[in-house]
Every structure is written in structure tokens, then in C-alpha cells.
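Engineer:
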DNA sequence: ACTGGCCGTCACAAAACCGTCATCCGCCCC
DNA sequence: GGGGCGGATGACGGTTTTGTGACGGCCAGT
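Residue numbers (this note's numbering), protein chains in the order written: chain W, 6 to 236; chain B, 6 to 236.
#1: Relative to the C-alpha of residue 19 (chain W), which residue among W:37, W:166, W:33 is closest?
#2: Taking the alpha carbon of residue 64 (chain W) as the point to measure from, which residue in W:116, W:211, W:17 has its own alpha carbon closest?
#3: Under 8 Å, CB to CB, which of the residues in the region 210 to 236 of chain W have a partner in chain B?
#4: To be precise: take each residue of the region 175 to 197 of chain W, compare its Cβ to all Cβ atoms of chain B, and keep it if any distance is under 9 Å. Which residues remain?
#5: Using a Cβ-Cβ cutoff of less than 8 Å, which residues in the same chain neighbour residue 27 (chain W) once the five nearest sequence positions on both sides are dropped?
#6: Identify every residue that forms a DSSP beta bridge with residue 229 (chain W).
#7: To which residues of the same chain is residue 22 (chain W) closer than 8 Å at the C-beta, ignoring the five residues directly before and after it?
#8: Using C-beta distances below 6 Å, list every residue in its chain close to residue 211 (chain W), excluding the 5 sequence neighbours before and after it, in chain order.
#9: What does DSSP give as the partner residues of residue 153 (chain W) in its beta bridges?
#10: By Cβ distance, which residues of its chain are closer than 6 Å to residue 234 (chain W), with the 5 residues on each side in sequence left out?
#11: Could you check if residue 197 (chain B) is buried or exposed, using at least 16 other CB atoms within 10 Å of its CB as the buried criterion?
#12: Run through chain B and tell me which residues come within less than 7 Å of residue 3 (chain W), C-beta to C-beta.
#13: Quick one: is residue 24 (chain W) buried, meaning 16 or more other Cβ sit within 10 Å of its Cβ, or exposed?
#14: Nearest-angstrom Cα distance between residue 116 (chain B) and residue 84 (chain W)?
#15: Compare the C-beta of residue 122 (chain B) with all C-beta atoms of chain W and state if any pair is closer than 7 Å.
#16: Along the region 30 to 61 of chain B, where does the CB come closer than 7 Å to a CB of chain W? Name the residues.
#17: Rank B:103, B:69, B:155, B:190 by C-alpha distance to the C-alpha of residue 170 (chain B) and give the top, closest one.
#18: Starting from residue 194 (chain B), follow the alpha helix (DSSP H) in both directions and report where the run begins and ends.
#19: Considering Cα atoms alone, identify which of B:172, B:176, B:177 is closest to residue 186 (chain B).
#20: Give the single residue among B:56, B:165, B:220, B:11 whose Cα lies nearest to the Cα of residue 105 (chain B).
#21: State the DSSP-derived secondary structure class of residue 81 (chain B), mapped to helix, strand or coil.
#22: Applying a beta-carbon distance threshold of less than 8 Å, which residues of chain W neighbour residue 162 (chain B)?
#23: Along chain W, which residues have their Cβ under 7 Å away from the Cβ of residue 73 (chain B)?
#24: Using the three-state DSSP reduction, which class does residue 9 (chain B) fall into: helix, strand or coil?
#25: Can you look up residue 47 (chain W) in the DSSP assignment and give me helix, strand or coil?
#26: Can you name the start and end residues of the alpha helix (DSSP H) that residue 172 (chain W) belongs to?
#27: Per DSSP, residue 36 (chain B) forms a beta bridge with which residues?
#28: Three-state secondary structure (DSSP) at residue 17 (chain B)?
#29: What residue range is occupied by the uninterrupted beta strand (DSSP E) comprising residue 105 (chain W)?
#30: Any idea what DSSP makes of residue 63 (chain B), helix, strand or coil?
#31: Would you call residue 204 (chain B) buried or exposed, if buried means 16 or more other Cβ atoms sit within 10 Å of its Cβ?
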């Protein structure tokens with residue numbers, strides 16, 4: 006390894022920043038901290054880090070603005086940190102070009118894990134964060150928050166949309182109800198896993214054609230999956 | 006699953022502790038409770054749990070001290086419980102190496118959900134390579150829970166799928182019924198080994214072509230095996 | 001305050017699955 | 001070829017998992 010990968014932490018809260026830096030350094034990264042947006046931008050430009058850890062809530066210059074600004078001039082991967090948790094916000098961040106999104110409270114370990122994941126992913130040019138998910142006759146446009154089945158646009162309430170997205174991120178893969186709860190509604194969500202059943206039912210009414218589920222399939226004893234290519 | 010994941014609850018308040026334990030056990034964990042920090046440490050050392058649920062407010066030995074102490078000697082994931090809610094405390098906990106943080110009052114269900122999330126995260130550090138088992142005309146995709154024979158997807162109920170996977174993990178090797186029970190349904194499973202016969206029969210109907218078993222072969226007086234390379 | 005949409009849970013019915021038993025069949029060895 | 005043991009099979013009842021309609025709470029727009 007020629008040199009350690011560089012991570013720039015843009016975070017105004019001193020304690021958070023210190024913790025992240027500590028963990029990053031312990032995990033084999035070179036880390037620097039910027040206290041505010043302006044400083045962040047300037048360090049980012051001069052130090053050329055391999056990744057940015059960017060708090061959205063910043064004094065003066067908003068985190069998203071920085072995200073946008075940097076995107077205009079470089080390809081640095083960006084991992085957003087935020088207290089907010091809605092799919093809405095997540096989307097806004099990702100749409101601005103962020104590579105991933107972690108909601109507070111986060112565990113430093115998890116953040117480090119994600120940093121690693123992003124770096125791995127960007128080194129080997131794989132598929133970028135895609136804006137459009139497809140699987141068979143299903144097509145989801147994230148930026149429009151629009152789902153289309155067999156060309157027909159179906160209007161979905163938030164929960165159902167999130168659930169569908171969670172499934173569509175890995176078509177064919179089987180998810181347990183718990184996994185779905187976590188992926189669709191976030192960790193720490195308090196609700197029975199049977200709730201998923203209800204949403205599945207409502208979803209089916211909107212996306213399935215005949216009485217027989219062809220897209221959103223039940224896997225007995227395990228959970229649900231989205232049909233991919235085979236029978 | 007060789008055995009249930011172990012969770013150690015360190016909590017002085019009897020009611021909380023009992024509730025957590027109840028929920029954990031109902032959710033498929035083995036749970037033990039320690040009433041104070043000292044006991045917590047000693048059980049943690051001797052019982053080697055897979056995760057610690059640690060109340061911060063403890064008599065005598067403070068929860069954070071335990072956290073620190075354990076971190077020095079092991080990697081057990083730790084989930085903190087606390088009445089306090091300040092960012093200050095939260096950070097202090099996470100900085101000390103905790104993996105997540107739940108503030109009281111908490112819903113037991115949420116706690117269990119987080120426990121699961123942490124365990125999943127620590128077990129499978131990253132999106133694991135999609136496991137695919139092959140043997141002759143048989144192909145099993147674990148993530149999709151899909152078995153294909155001669156290109157044709159066969160739909161298998163949980164028990165049959167598990168059995169097939171157990172066999173497919175070592176094609177050609179002969180397993181006794183007991184071994185199969187253990188590998189497919191886990192140890193501690195209560196059932197006759199003749200049950201395997203039933204599943205084998207049902208499996209054969211789905212994966213064999215003619216009346217003569219070619220894939221799932223009987224080894225008289227011993228058990229069953231999956232054909233590997235010959236006829 | 002009212003209406004409508006959305007959500008989480010519940011209760012009940014339906015469906016799928018499982019384990020066991022009794023019986024019949026086939027393999028192995030004498 | 002026959003005896004004996006292990007395996008195959010079909011049936012059945014009980015259990016578990018899902019599907020679904022209903023209900024009450026909640027929130028936002030009117």
C-alpha cells in the first residue's frame with residue numbers, strides 16, 4: 006500500500022468529529038476534520054481525499070450544498086451523515102450524488118464499514134447508484150418516486166413504495182419480514198413483522214394482474230421476493 | 006445454526022431485565038441476566054455471549070466502565086440502554102466501542118430488532134458472495150432460495166430445501182439420517198430420524214426424472230447421498 | 001371539526017407443510 | 001429362495017404460516 010486512503014470528515018460537532026477520526030485512524034485511514042462547510046470545501050480541494058464524510062446539518066453552508074458543489078468539480082465518493090431518517094431525505098442526498106447515507110445515531114464501526122464498502126466499490130468501477138430499478142415488467146424511477154408496472158404508472162403510498170424499493174434493490178433475492186422491515190422502514194422501527202404482510206397485500210392489489218402473484222412472490226416459511234427472470 | 010445466539014442482559018432493574026429476557030427468548034435467543042456490573046463482567050467472560058445488552062445506569066460499576074473493560078479484551082457487540090438522552094452520553098457510549106444505543110423508555114420489540122440487526126451486521130460484514138451450490142444437474146441459489154434441476158426451477162418447502170442444501174454442501178458424501186437431521190434442521194431438533202425418509206421421498210418426486218433415483222441416492226443401511234459425478 | 005388516505009394490528013379462514021404411523025416392498029445374506 | 005431388516009410410500013391429523021377483511025388511530029388538507 007503506497008499510502009493510506011484519505012478521509013475528510015466535515016462535521017461541526019467536535020465530539021462526533023473526534024470519534025470518527027479516532028475510529029478511522031484506528032482502522033487504517035488518514036483522517037482530517039473540517040469544522041464547517043467552507044473549510045471542508047477548501048480542504049477537499051487542496052488535500053484531495055479519497056472520500057468525504059459529510060454531515061448534512063452544518064452551520065452556514067449546508068451539507069447538501071457542499072455535496073452539490075463538490076460533485077460539480079470531482080468524483081470524490083461522499084458518505085452523508087444525518088439525523089433525519091425519511092426516505093425522502095435519503096433520496097435527496099443520493100440524488101445530489103452522495104454514495105451512501107447513514108442516519109444518526111450511528112455507530113462508528115458501522116460508518117467505517119460503509120466507508121470501506123464505498124471505497125471498494127468505487128475502486129472497481131461497478132454499477133453506480135442507479136436511479137432506475139428494473140425487474141421484469143416493473144420499473145421504478147427513484148427521482149420521480151414513480152413505479153410503473155407493464156408501462157402503467159401505479160400510485161403508491163410511502164410505506165408501499167419503500168417496501169417495493171427494498172425488494173427491487175435485489176430482485177430475486179428472498180427477504181425475511183424482518184429484513185424488509187429494516188430495509189424499508191429503517192432500523193429501530195417498532196412494528197410487528199406481520200405489518201409487512203399487510204403492505205404486501207395492498208401492494209399486490211396494485212401491481213399484480215390476476216389473482217395469482219407473479220411479481221411479488223411469497224416464499225413460504227421465509228418471506229417475500231420479487232420475481233426476477235425465470236419461472 | 007449450531008446453537009442459539011446468546012445475549013447477556015446487564016440490567017439492575019428487575020422488571021426491565023425480565024421483559025427483555027422474555028422477548029429475547031421468544032425471539033430465538035438464549036438470554037441470561039446479570040444484576041450488576043461485576044456479575045455482568047464475570048458472566049460475559051465465562052459464558053461468551055454473542056452480544057451484550059448493557060444498561061448504562063448501574064449500581065456500583067458504571068455501565069460505561071464495563072463497556073470499556075470488555076472492549077479491551079474482546080469484540081463482543083454491545084448495545085447500550087440508557088435513560089439519558091443527550092447527544093453527549095450517546096457519543097460517549099459509541100466512542101467507547103458500543104455498536105448501537107437505545108434510549109429508555111424503549112419497546113422490547115425495537116430492542117430485539119436492533120439486536121438482530123447488529124448480529125447480522127457483524128456476522129456478514131458485507132454483502133456476502135451469493136452462495137451457489139452445484140452438483141451435476143442440480144443448482145441451488147441460496148439468496149433466492151431457489152433450486153434448479155436440469156434448468157427447471159423446482160419449488161421446495163422449507164424442510165425439503167434445507168435437506169437438499171445439507172446434502173448439496175458435500176455432494177457424494179453419505180450422510181446418516183441423524184447427521185441429516187442435525188445439518189438440515191439443527192441440533193436440538195426433536196423428531197424421529199425417519200422423518201428424513203419422508204422428506205427424501207417428497208424431494209425425489211420433485212427432482213428425480215424417472216422412477217429410479219439418480220440424484221438423491223439411498224445407501225442401504227447407512228443413509229443418503231447426493232450423486233456427484235457418475236451415472 | 002370533518003373527510004379521506006394511510007398505517008399498524010387483530011382475528012379468523014385458508015393453505016401449506018410436517019411428522020408419524022401402518023403397510024408394502026426390496027435388498028442382503030444365509 | 002426365504003427370512004429379516006431397512007427403506008419407500010400413502011394417508012392423516014395437527015401445526016404453522018399466510019391471506020384477507022375489518023377496525024381504530026393518526027395526520028393533512030379542506
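Glycine is no exception: its CB is placed at the ideal position from the N, C-alpha and C atoms.
Structural biologist: With the structure as the only source:
#1: Counting from one through the first chain, the residue named residue 19 (chain W) turns up at place 14. Closest in alpha carbon position to residue 19 (chain W), among W:37, W:166, W:33, is W:37.
#2: Counted from its first residue, the first chain places residue 64 (chain W) at position 59. The shortest Cα separation from residue 64 (chain W) among W:116, W:211, W:17 belongs to W:17.
#3: Listed in sequence order: 224, 225, 226, 227, 230, 233, 235, 236.
#4: Residues passing the 9 Å Cβ filter: 175, 177, 178, 179, 183, 184, 186, 187, 192, 193, 194, 195, 196, 197.
#5: The count along the first chain starts at 1 and reaches residue 27 (chain W) at position 22. Setting aside the 5 residues that flank it on each side, residue 27 (chain W) is surrounded in the same chain by 113, each with a C-beta closer than 8 Å to its C-beta; the list follows chain order.
#6: If you number the first chain from 1, residue 229 (chain W) lands on position 224. According to DSSP, residue 229 (chain W) bridges with W:180, W:223.
#7: If you number the first chain from 1, residue 22 (chain W) lands on position 17. The answer, listed in chain order, is 14, 16, 38, 40.
#8: By 1-based counting over the first chain, the position of residue 211 (chain W) is 206. These residues qualify, in order along the chain: 159.
#9: Taking the first chain and counting its residues from 1, the one referred to as residue 153 (chain W) is at position 148. Answer is W:144, W:158, bridged to residue 153 (chain W).
#10: Within the first chain, the letter at position 229 stands for residue 234 (chain W). Excluding residues within five positions, none has a Cβ falling inside 6 Å.
#11: Translated into positions along the second chain, residue 197 (chain B) becomes position 192. Counting every other CB atom within 10 Å of its CB across the protein chains shown gives residue 197 (chain B) a total below 16, marking it as exposed.
#12: No answer is possible for residue 3 (chain W): it lies beyond the span of chain W, which begins at 6 and ends at 236.
#13: Counting from 1 along the first chain, the entry for residue 24 (chain W) is found at position 19. With 16 or more other Cβ atoms within 10 Å, it is buried.
#14: Stepping through the second chain from its first residue, residue 116 (chain B) is reached at position 111. Stepping through the first chain from its first residue, residue 84 (chain W) is reached at position 79. If you take the alpha carbons of residue 116 (chain B) and residue 84 (chain W), they lie about 26 Å apart.
#15: Residue numbering aside, residue 122 (chain B) sits at position 117 when the second chain is read from its first letter. Using a CB distance cut-off of 7 Å, residue 122 (chain B) counts as an interface residue toward chain W.
#16: Listed by position along the chain: nothing, the set is empty.
#17: Locating residue 170 (chain B) in the second chain gives position 165, where the first residue counts as 1. If we check each option's Cα against that of residue 170 (chain B), B:190 comes out closest.
#18: Residue numbering aside, residue 194 (chain B) sits at position 189 when the second chain is read from its first letter. In this chain, residue 194 (chain B) is not harboured by any alpha helix (DSSP H), its DSSP state being neither H nor E.
#19: Taking the second chain and counting its residues from 1, one reaches residue 186 (chain B) at position 181. Minimum Cα distance to residue 186 (chain B) is reached at B:172.
#20: Residue mapping note: residue 105 (chain B) aligns to position 100 of the second chain, counting from 1. The residue with the shortest Cα to Cα distance from residue 105 (chain B) is B:56.
#21: As a working mapping, residue 81 (chain B) is identified with position 76 in the second chain. Three-state DSSP puts residue 81 (chain B) in coil, outside helix and strand.
#22: The residue given as residue 162 (chain B) occupies position 157 in the second chain. Neighbourhood of residue 162 (chain B) in chain W, by CB distance below 8 Å: 225, 226, in chain order.
#23: Taking the second chain and counting its residues from 1, the one referred to as residue 73 (chain B) is at position 68. Those within 7 Å of residue 73 (chain B) in chain W number zero; the least Cβ separation is about 14 Å.
#24: Position 4 of the second chain, counting from 1, holds the residue named residue 9 (chain B). Residue state, collapsed to three classes: coil.
#25: Translated into the one-based positions of the first chain, residue 47 (chain W) becomes position 42. Residue 47 (chain W): helix per DSSP, three-state reduction.
#26: The count along the first chain starts at 1 and reaches residue 172 (chain W) at position 167. First-last of the alpha helix (DSSP H) with residue 172 (chain W): 163 to 173.
#27: The residue labelled residue 36 (chain B) in the question sits at position 31 within the second chain. Partner(s): B:12.
#28: Counting from one through the second chain, the residue named residue 17 (chain B) turns up at place 12. Correct three-state label for residue 17 (chain B): coil.
#29: Working through the first chain from its first residue, we reach residue 105 (chain W) at position 100. Its beta strand (DSSP E) spans residues 105 to 108.
#30: The residue you call residue 63 (chain B) lines up with position 58 of the second chain. When secondary structure is reduced to three states using DSSP, residue 63 (chain B) falls in the coil class, being assigned neither helix nor strand.
#31: Here residue 204 (chain B) is taken as the residue at index 199 of the second chain, counted from 1. Residue 204 (chain B) comes out buried.
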